[in-house]
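Protein chains in written order, with the numbering used here: chain A, 74 to 155; chain B, 3 to 225.
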Amino acid sequence: MNIDLHMLSIIGAAATVSFGAIGPALAEGRAIAAAMDAIARQPESAGTLSRTLFVGLAMIETMAIYCLVIALLLLYANPFTG
Amino acid sequence: MEATPLSPEILFLIGPVPISRPVVTTWIIMAILTATSWLGLRRAQVHAGYVQSALEIVVETLAAQIRDIIGKAPWPYLPLLGTLFIFLAVANLSAVVPGAQPPTGHLETPAALAAIVFFSVHYFGIRARGFGNYARRYLKPNPLMLPLNILSEITRTFALMVRLFGNMMSHELVIAIVVLLSGLLLPIPFMLLGILIGIIQAYIFTVLAAVFIGAGVGSVETT
Numbered sequence: 074m075n076i077d078l079h080m081l082s083i084i085g086a087a088a089t090v091s092f093g094a095i096g097p098a099l100a101e102g103r104a105i106a107a108a109m110d111a112i113a114r115q116p117e118s119a120g121t122l123s124r125t126l127f128v129g130l131a132m133i134e135t136m137a138i139y140c141l142v143i144a145l146l147l148l149y150a151n152p153f154t155g
Numbered sequence: 003m004e005a006t007p008l009s010p011e012i013l014f015l016i017g018p019v020p021i022s023r024p025v026v027t028t029w030i031i032m033a034i035l036t037a038t039s040w041l042g043l044r045r046a047q048v049h050a051g052y053v054q055s056a057l058e059i060v061v062e063t064l065a066a067q068i069r070d071i072i073g074k075a076p077w078p079y080l081p082l083l084g085t086l087f088i089f090l091a092v093a094n095l096s097a098v099v100p101g102a103q104p105p106t107g108h109l110e111t112p113a114a115l116a117a118i119v120f121f122s123v124h125y126f127g128i129r130a131r132g133f134g135n136y137a138r139r140y141l142k143p144n145p146l147m148l149p150l151n152i153l154s155e156i157t158r159t160f161a162l163m164v165r166l167f168g169n170m171m172s173h174e175l176v177i178a179i180v181v182l183l184s185g186l187l188l189p190i191p192f193m194l195l196g197i198l199i200g201i202i203q204a205y206i207f208t209v210l211a212a213v214f215i216g217a218g219v220g221s222v223e224t225t
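In structure tokens, the structure reads:
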């Protein structure tokens, strides 16, 4: 079995998504845990908290999305394999 | 299923312009939304009927949310942000209808929407604060931050686009793979999850657009 450029691209895409998902997953877990804690302490501020939480989660998710973009580029628009 | 998620399926040509299935879905969504609003508000009364009351509830809820985020009177921003949310919600939910392809699952529609948000941030910012004050925002903490501020403008618009596209596209792809593997009943929980994802993504896109506009107008301090 010879390793060619297509196979390397697929391996690269899988590695990109898998490793790129680790950091945002941990970060989103911590953010949600902190928000839950705050809502449990002050239920009346749940509206503001959840809106801010959504914006923050979207910002954190951006990192994972960049990884997704790289993986898609590798799979479907690879400049080397054409 | 199309060959790649980056190239949409072409249905027919108008002259040299290819028309893809997501574009036709967009037209149908636009027609449905316009017809609903027109028929519901054709004879608007103070003592509203069922349809008019429902539409007014939607508008009032959106206005209250926007007021909470921007912190000013929501009426200048409601036409843009409200239309954005309603269109995105319907477009994301159109994945459930057989034969329709959600336009947000292809790169073109999120790119166009993100470009609209990008330009409207500057439009509302300059209108609210004047050109000089608005341009000074980019020098705000320190003139050294100018390149970073410009870079953040570009990357946040790009992330806005790819977030919507990536979520919807990957959800479509997951359903296609599950259908390919197992057939009839197993995709249903994934499609239910897709409804949730669609609504949340529409909400996040709109909230982020509102936060960006609020930052441009100068009432919200964020990124």
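All residues carry an ideal CB built from backbone N, CA and C; glycine is no exception.
Please report how far the alpha carbon of residue i lies from the alpha carbon of residue j, in whole angstroms.
i	j	result
T157(B)	S118(A)	31 Å
L81(A)	M163(B)	28 Å
F192(B)	L141(A)	20 Å
P152(A)	G85(A)	14 Å
L146(A)	S55(B)	47 Å
L78(A)	V90(A)	18 Å
I133(A)	E101(A)	7 Å
L148(A)	A87(A)	10 Å
I83(A)	L166(B)	24 Å
P78(B)	L115(B)	18 Å
F126(B)	I152(B)	18 Å
F207(B)	A113(A)	27 Å
S172(B)	V180(B)	12 Å
Which residue or residues does DSSP assign as beta-bridge partners of residue i?
i	result
L15(B)	P20(B)
Closer than 7 Å, CB to CB, is residue i near chain A or not?
i	result
L183(B)	no
I206(B)	yes
L210(B)	yes
V213(B)	yes
Would residue i pass as an interface residue toward chain B - the criterion being a Cβ-Cβ separation below 7 Å?
i	result
F127(A)	yes
With the cut-off set at 7 Å, would you say residue i and residue j are in Cβ contact?
i	j	result
A212(B)	I71(B)	yes
P189(B)	I177(B)	yes
L57(B)	G73(B)	no
I68(B)	P76(B)	yes
A107(A)	A137(A)	no
T27(B)	S96(B)	yes
P81(B)	A93(B)	no
Check whether the Cβ of residue i sits closer than 6 Å to any heavy atom of the ligand SAH, and report yes or no.
i	result
I95(A)	As for the ligand SAH, it is missing from this structure, which has no ligand bound.
Could you list the residues in the stretch 118-145 of chain A with a C-beta less than 9 Å from some C-beta on chain B, going in chain order?
Residues of the stretch 118-145 of chain A with a C-beta less than 9 Å from any C-beta of chain B: G120, T121, R124, F127, V128, L130, A131, M132, E134, T135, A137, I138, Y139, L141, V142, L145, listed in chain order.
Looking at chain A, which residues of the stretch 152-170 of chain B have a Cβ within less than 7 Å of any of its Cβ atoms?
If the cut-off is 7 Å between Cβ atoms, the stretch 152-170 of chain B has A161, V164, R165, G168 near chain A.
Residues within the stretch 62-73 of chain B neighbouring chain A, beta-carbon criterion of under 9 Å
Cβ proximity to chain A below 9 Å picks out Q67, D70, I71 from the stretch 62-73 of chain B.
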